[in-house]
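Working notes, beginning with the structure itself.
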Amino acid sequence: MKLLEERILKDGNVLGKDILKVDSFLTHQVDYSLMREIGRTFSQHFKEAGITKVVTIEASGIAPALYVAEQLDVPMIFAKKAKNITMNEGILTAEVYSFTKQVTSTVSIAGKFLSPEDHVLIIDDFLANGQAAKGLIEIIQQAGASVEAVGIVIEKSFQKGRELLENAGQTVVSLARVERFEDGKVIFKEADI
Ligand code: 5GP
């Protein structure tokens, strides 16, 4: 997605050897017009796929996922990271190791929001080693629902996430694919859409 790549080049900052900071438009402050384009681009691609739910993980997946859900006209569900006493029935959980926070946490979705009839599109802001997406897939499968694809805003292709997900039989569709960082600059490879 050209517009996204241009925005990453303009406003993204490379931190260390493997982190891209995009907090001015995606992970902290959010540019709704860019999110709307992200929503349109994914929904164009998946409009014939029979998607019934969009699933993401809090917090940074929520903004793009909501715009995708709006365009596909289906509900968006975000997995929660903290335990919540109001979630007291039929909780589906998975353990997820966070690449940026370097801690393992239990993420959960209330089972009542997913059923075996659901065809789910997972959306997340980043794909690094694939642990967030793997946890979401586990939860969706516990509900008996099927995962149609994993849609990623920014994939770091030099990390293992895509390989892990594809080896598990999943389809990964990324809007921007970072091949490498070179002297603090982002070098892309061809994106999926
Ligand atoms: P994974 O689970 O694929 O290893 O990592 C994906 C998750 O870690 C995403 O949900 C995202 O929140 C976070 N993440 C991974 N890499 C980056 C990065 O380079 N920049 C930012 N801002 N978040 C990242």
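Per my numbering, residue 1 is the first one in the sequence shown, and the count goes up by one each step.
Note that the Cβ used here is the ideal one computed from N, Cα and C, for glycine as well.
Item	Value
Rounded to a whole number of angstroms, what is the C-alpha to C-alpha distance between Val173 and Arg162?	9 Å
Could you tell me which residues DSSP puts in a beta bridge with Tyr97?	Thr104
Per DSSP, which one or two residues make a beta bridge with Gly151?	Ile123 and Val173
For my contact list, Thr41 and Ile193 are in at a C-beta cut-off of 8 Å; report their separation, rounded to the angstrom.	6 Å
I'd like the list of long-range same chain contacts for Ala191, defined as Cβ closer than 7 Å, with 5 residues on each side in sequence excluded.	Met1, Ser174, Leu175, Ala176 and Arg177
In this structure, how does DSSP classify Lys47 when only helix, strand and coil are distinguished?	coil
What do you reckon, are the CB atoms on Ala94 and Ile139 nearer than 8 Å?	yes
When you compare the segment 64 to 73 with the segment 97 to 108, are there three or more beta-carbon pairs, one atom per stretch, that lie closer than 8 Å?	no
Should Leu127 and Ile91 be called a contact, given that it needs their Cβ atoms to be closer than 8 Å?	no
Hey, how far is the Cα of Ile137 from the Cα of Val147?	7 Å
Apart from the five residues just before and just after Ser24, which ones in its own chain have a Cβ nearer than 6 Å to its Cβ?	Asp11
Can you determine whether any heavy atom of ligand 1 sits closer than 7 Å to the C-beta of Gly111, and answer yes or no?	no
Is Ala59 helix, strand or coil when you go by DSSP?	coil
At what residues does the alpha helix (DSSP H) containing Asn167 begin and finish?	Gly161 to Asn167
Let's see if you can read the secondary structure: which residues bound the beta strand (DSSP E) around Ile19?	Ile19 to Lys21
I believe Lys81 touches Glu58 by the beta-carbon criterion, under 8 Å. Please report the beta-carbon distance rounded to the nearest angstrom.	6 Å
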